[in-house]
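For reference, the structure discussed in these notes is given below.
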Amino acid sequence: MTIESLYDDVTPIKPSKAFSEKAIIKTDDDYNKANTDRLKFWEEQAKQLTWDQAWDTPLKWERPIAKWFVNGKLNATTNCLDRHIMSKKTDKTALIWESESGDKQSLSYKQLHDKVCRLANYLSQSCNIKKGDRVTLYMSLTPELAIAVLACARIGAIHSVVFAGFSAESLQDRLNDSESVCIITGDIAIRRGKSIKLKEIVDQALDNAPSVKHVLVHKRTTEIVNWVNNRDHDFNEALNSSSSYHEPESMDSEDPLFILYTSGTTGKPKGIIHTTGGYLTHAQYSTKIVFDLKDDDIYWCTADIGWITGHTYLIYGPLLNGATVFMYEGTPDYPNEGIFWDLIQRYKISIFYTAPTAIRAFMKSGESIPEQYNLASLRLLGSVGEPINPEAWNWYYTHIGQKQCPIVDTWWQTETGGIMITTLPGLHDMKPGSAGKPLPGIQAQCLHDDGTAIHSGGGLLSLTEPWPSMARGIWGDSKRFNDVYWSKFDTYFAGDGAIVDDNGYFTLLGRVDDVLNVAGHRIGTMEVESSLVDCPKVAEAAVIGIQDRIKGQAILAFVILKEGISESIDLENELKQFVAKKISPIAKPKAIIFTPDLPKTRSGKIMRRLLKQAANNETLGDTTSLSNPQIIKDIQKQLSK
Ligand code: PRX
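Residue numbers for the sequence shown, in numbering that gives the first Met the number 0: 0 to 640.
Structure follows, in structure tokens:
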């Protein structure tokens, strides 16, 4: 059985001539080079970095572990900072930051280098942290978090950033799994006008995290926090008391740069390992070509550094390219729904990279809000994290990009380290809802269950050749790495369903465990959700499969209505008919539950697993990563009525 797409074909949209003419990638040259000699192509990209010692072999591949640029040596921060301050970029702004609290900061490359070196000196001299030690960062989205990430990289410590919205228990699990010797945190984080007492959460987590010997606290307030002598250190004092140059540690290309924990379908979070040379090579290359990043751009990626998008496309990728990065501590709807557009207007943001869930929230509040701002500085838009439905794509294209900005819909994962599939903005036509093609040097295929390739049609998405930024393992669990990603096929199995068309464009259907099987037809949850959201009355939708005696699975849809629309049985029927008409009667939801919100992770992903558990009357799994834990309880109550 194959995965079926029931979508109508969409009309491709060409990037504007004005954009294409000035784009970094205008031709198929990189594709041709990579197709002729993939390793040589990647070596050419790696040469764009500054190495202390050249590699002798581009790739050693012993499935499932790749070694890239073998025996090469380099330091991430030499590449992100030193080489820019030795050029005319020394006074260029590296980081512009604003918080919802109104606090602001701006750092030139030289100033950032100075702070990173000071912290690196303190970590190595006063906390005795050495190459290979793990340091956990649990901080709000502030420049100090970026400084901490880079200071770890400077001394060769492996950073593990834990999103500052996770609970003490989740933090403790991650501290213990990585056996971190140090944690860097803040006194508070700020979110929607409230201050969250981070240090208290850290203290709780440290009740049972014996490996941690040092806690650095970045104080933003004068409030007194609990202080443990000989363990706790003041971050600001650490910077002030240390010297402003630190000799970078020369790292082996394959030395780990960081661990990042990500959830699997079951079990404890996986600490995905990324190493130095290959990761940085792809981060630099992909940021440049996908975002068409130029020297005068002001680039904003809205992700938190607690997620992979923040690692690769808020810190490493843009800084490697010597760009100016904008960073914002706050949410899209606080203190008002126009805040993102206000920031774009004030800072003249030219590249804006966000998530579909944010775009759908903007749609829900209506275009009259962005219309009040001048968004003319924008020239490129990006999307990441989940499939973007064509209606949201078109809204983003029309109301934010004024039909002038290409959209890059970028498919990738924590495990892939960087963008794998997208359209190159000056080269390719865009197809709303479809991510596009694998980047030069990346090979992707849709496979049947038995591992045979599908040249046109739906299947399981696999990356079929090793690439430089691929995960090197799961921290402390090589068996799990093999089982999760490498046991289904000979090649890397991404866990997503996708359709590939005759032009080689991939349309993502969501996680395979989210792919429904209704009466023998596989239907992507995303297709049904997307069609529901296409209905002008619907703001957001999530669908799951529930057991059905006749069809195997039936579709249950959870729907958030747009402002001013009331729920009714008539509307439920209308929506069912809408889906039946839009996709096919087999995709028609069996029931629709109207809800004011959906259970989402703090990065905005809908947790369909919890919806399934609620619908099947099962005990709910881990809800600690939810941004809105109450909603799943409300949904449970509603379902039991
Ligand atoms: O299902 C895919 C979805 O997000 C998953 C990866 O999640 P994570 O490791 O948290 O990384 C998110 C940021 C890269 C993928 O397996 N996903 C990500 N981007 C897209 C997407 N699905 C469809 N289209 C995308 N552009």
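Think of the CB as a built atom: it goes at the ideal place given N, C-alpha and C, for glycine as much as any other residue.
Residue 434 carries a coil assignment under DSSP once its states are collapsed to helix, strand and coil. Residue 248 sits in coil when the DSSP states are folded into three classes, being neither helix nor strand.
Annotated three-state conformation of residue 445 is strand, per DSSP. Residue 546 is bridged by DSSP to 552. Taking C-beta separations shorter than 6 angstroms and ignoring five residues to either side along the sequence, the partners of residue 183 in its chain run 136, 147 and 215, following chain order. If you check the CB distance, residue 134 and residue 163 do not come in under 7 angstroms.
Between residue 478 and residue 484, the alpha-carbon positions lie close to 10 angstroms from each other. Taking 6 angstroms as the cut-off, the C-beta of residue 110 does not count as close to any heavy atom of the ligand PRX.
Linking residue 472 to residue 274 through their CA atoms gives a straight-line distance of about 10 angstroms. DSSP places residue 173 in the helix class (H, G or I) of the three-state scheme. Taken through DSSP and simplified to helix, strand or coil, residue 467 comes out as coil. When secondary structure is reduced to three states using DSSP, residue 429 falls in the strand class.
By the Cβ-count criterion, residue 309 is buried, with 16 or more other Cβ atoms from all chains shown falling within 10 Å of its own Cβ. Residue pairing by DSSP puts residue 326 in a beta bridge opposite 96.
Along the length of the stretch 389-433, whole beta strand (DSSP E) runs at least 3 residues long occupy 406-409, reported in chain order. One alpha carbon belongs to residue 323, the other to residue 291, and they sit about 13 angstroms apart. Relative to the ligand PRX, the nearest heavy atom lies less than 6 angstroms away from the CB of residue 385.
According to the DSSP assignment, residue 300 belongs to the beta strand (DSSP E) that extends over 297-300.
Contact annotation, residue 450 with residue 33: C-beta distance approximately 24 angstroms; criterion of less than 8 angstroms not satisfied.
Here residue 241 is not near residue 378, since their CB atoms are 7 angstroms or more apart. Nearest to residue 284 by alpha-carbon distance, out of 105, 536 and 78, is 78. In this structure, residue 434 has its CB closer than 6 angstroms to one or more heavy atoms of the ligand PRX. Taking a cut-off of 8 angstroms on C-beta distances, the stretch 337-349 does not touch the stretch 101-113, as fewer than three cross pairs fall below it. Between the ligand PRX and the CB of residue 258, the shortest heavy atom gap is not smaller than 6 angstroms. DSSP places residue 310 in no alpha helix (DSSP H); its state is neither H nor E. Taking 6 angstroms as the cut-off, the C-beta of residue 307 counts as close to a heavy atom of the ligand PRX. No Cβ-Cβ contact shorter than 7 angstroms links residue 271 with residue 366. Proximity of the beta carbon of residue 412 to the ligand PRX is indicated: a heavy atom of the ligand is located closer than 6 angstroms. Closest in C-alpha terms to residue 319, from the list 46, 355 and 354, comes 46. Counting only residues of its own chain and dropping the five nearest sequence neighbours on each side, residue 383 has a CB closer than 7 angstroms to the CB of 308, 352, 354 and 409.
In this structure, the alpha-carbon of residue 141 lies about 7 angstroms from that of residue 96. In this structure, the beta-carbon distance from residue 213 to residue 143 does not fall below 7 angstroms.
Judged by pairs of C-beta atoms under 8 angstroms, the stretch 164-173 touches the stretch 191-206, as three or more such pairs exist. The three-state secondary structure of residue 193, taken from DSSP, is strand. Cβ atoms of residue 599 and residue 625 come within 8 angstroms of each other, at about 7 angstroms. When DSSP reads this structure, residue 133 sits in a beta bridge with 157.
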